[in-house]
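Following this line, the structure appears as structure tokens:
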């Protein structure tokens, strides 16, 4: 079983601040750091570190940022296919990290938005029935739809985190097997019941310090959060989604309480450290997490 993540690749630039600025205000930042990021990269690297065979398909520009992303991905166990597009700037994210541990993220999407339906269709040519497609909200409507339809035609399972939220996602829910949403996203989409009514087979609702829930028609599994001291929440949701899916896939099982527990431990590890991909559990730690109950 293989996973295919089609999404964005970015360099994350994090600035530590005491608190978020008010409109019109100028404030000082205490530190600046750079890390590999982008929701597509985050999910793919986290899945690959669990030992699941994972392909990443993402677009970058023909620039220094794109080359830096390629160099950093070469050190990861993920099978990365970076599409270098001419005349397009590689995406980057500016992250404001407040002293209380919360963050605000601004992400560009010139490269991710330039990916075409053909890019997505070609990326899945080696996929087999039962393989997994993982998507986020960074791609354009036509490309996201083409990827989901191609996956359905090949008998793949599909998982989508619709962040950043775009209006077109409402048309695609019948093609999604599993939706991962946080409380704010769920509220914007009408709640987990509304997603199930639109054709999603199951919803994973992340609840921060209150844990997570797996919701199916007529059934709900709740899992507590893993204890942690919050340092930096960047990428924690991506890590949670990736580890939950990988835990189930590696066991040949559907998503279950054990997968949510594994994901919660990995996410707690992530928020307890500064950074994005560099804060995720490494390969050894990931495999130790998945070996537990």
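In my numbering, the protein residues as written are 72 to 364.
Note that CB positions come from ideal geometry on N, CA and C, so glycine has one too.
Is the Cβ-Cβ distance between residue 79 and residue 129 less than 8 Å?
Position 8 of the chain shown, counted from the start, is the residue given in the question as residue 79. Position 58 of the chain shown, counted from the start, is the residue given in the question as residue 129. Yes; because the gap between Cβ atoms is below 8 Å, this pair is in contact.
Whole angstroms is fine: what's the gap from residue 199's alpha carbon to residue 322's?
Here residue 199 refers to the residue found at position 128 when the chain shown is read from its first residue. Here residue 322 refers to the residue found at position 251 when the chain shown is read from its first residue. Taking the straight line joining both Cα atoms gives about 18 Å.
What are the boundary residues of the alpha helix (DSSP H) that residue 171 is part of?
Position 100 of the chain shown, counting from 1, holds the residue named residue 171. Per DSSP, residue 171 belongs to no alpha helix (DSSP H) and is neither H nor E.
I'd like the list of long-range same chain contacts for residue 188, defined as Cβ closer than 6 Å, with 5 residues on each side in sequence excluded.
Here residue 188 corresponds to residue number 117 of the chain shown, with the count starting at 1. Correct list, in chain order: 213, 214 and 217.
If contact is defined by three or more beta carbon pairs under 8 Å, each pair taking one atom from either stretch, is the stretch 79-98 in contact with the stretch 163-181?
yes
From 101, 334, 209 and 355, residue whose alpha carbon lies closest to that of residue 234:
Along the chain shown, read from residue 1 onward, the residue named residue 234 stands at position 163. Per the Cα distances, 209.
Residues in its own chain within less than 6 Å of residue 177 by CB, not counting five upstream and five downstream?
Your numbering for residue 177 matches position 106 in the chain shown. Here the set comprises 165.
Just the C-alpha distance for residue 152 and residue 190, rounded to the nearest angstrom, thanks.
Within the chain shown, residue 152 is the residue found at index 81, counting from 1. Within the chain shown, residue 190 is the residue found at index 119, counting from 1. Computed Cα separation, rounded: 11 Å.
Whole-Å CB distance - residue 108 paired with residue 348, under 8 Å assumed:
By one-based count along the chain shown, residue 108 stands at place 37. By one-based count along the chain shown, residue 348 stands at place 277. Rounded, the Cβ-Cβ distance is 6 Å, consistent with contact.
Would you mind reading off the limits of the beta strand (DSSP E) that contains residue 277?
Your numbering for residue 277 matches position 206 in the chain shown. Counting along the chain, the beta strand (DSSP E) containing residue 277 begins and ends at 273-277.
Give every residue of the same chain whose Cβ lies closer than 6 Å to the Cβ of residue 343, excluding the five residues on either side of it in the sequence, and list them in chain order.
Start at 1 with the first residue of the chain shown, and residue 343 comes out as number 272. If we look at residue 343 and ignore the five residues flanking it on each side, its Cβ neighbours are 299, 300 and 302.
Which of the three DSSP states is assigned to residue 79 in this structure?
The residue labelled residue 79 in the question sits at position 8 within the chain shown. Three-state DSSP puts residue 79 in a strand.
Report all residues from its chain with a CB closer than 7 Å to the CB of residue 309; omit the five preceding and five following residues, and keep chain order.
Position 238 of the chain shown, counted from the start, is the residue given in the question as residue 309. 110, 113, 114 and 117.
Pick helix, strand or coil for residue 348, following the three-state DSSP scheme.
For the purposes of this step, residue 348 is identified with residue 277 of the chain shown, where counting begins at 1. Looking at residue 348 - three-state DSSP - the assignment turns out to be helix.
Using 10 angstroms around the beta-carbon of residue 97, count the other beta-carbons present and answer buried if the total reaches 16, otherwise exposed.
Counted from its first residue, the chain shown places residue 97 at position 26. With fewer than 16 Cβ atoms within 10 Å of its Cβ, residue 97 is classed as exposed.
Proximity of residue 274 and residue 266 at Cβ, strictly below 8 Å:
Position 203 of the chain shown holds residue 274. Position 195 of the chain shown holds residue 266. Yes. Within cutoff.
If we ignore side chains and look at the alpha-carbon of each, how far apart do residue 338 and residue 124 end up?
For this step, residue 338 is matched to residue 267 along the chain shown. For this step, residue 124 is matched to residue 53 along the chain shown. Taking the straight line from one Cα to the other gives about 20 Å.
Within 8 Å, strictly: CB atoms of residue 320 and residue 296
The residue you call residue 320 lines up with position 249 of the chain shown. The residue you call residue 296 lines up with position 225 of the chain shown. Against a cut-off of 8 Å, the Cβ pair of residue 296 and residue 320 comes out as no contact.
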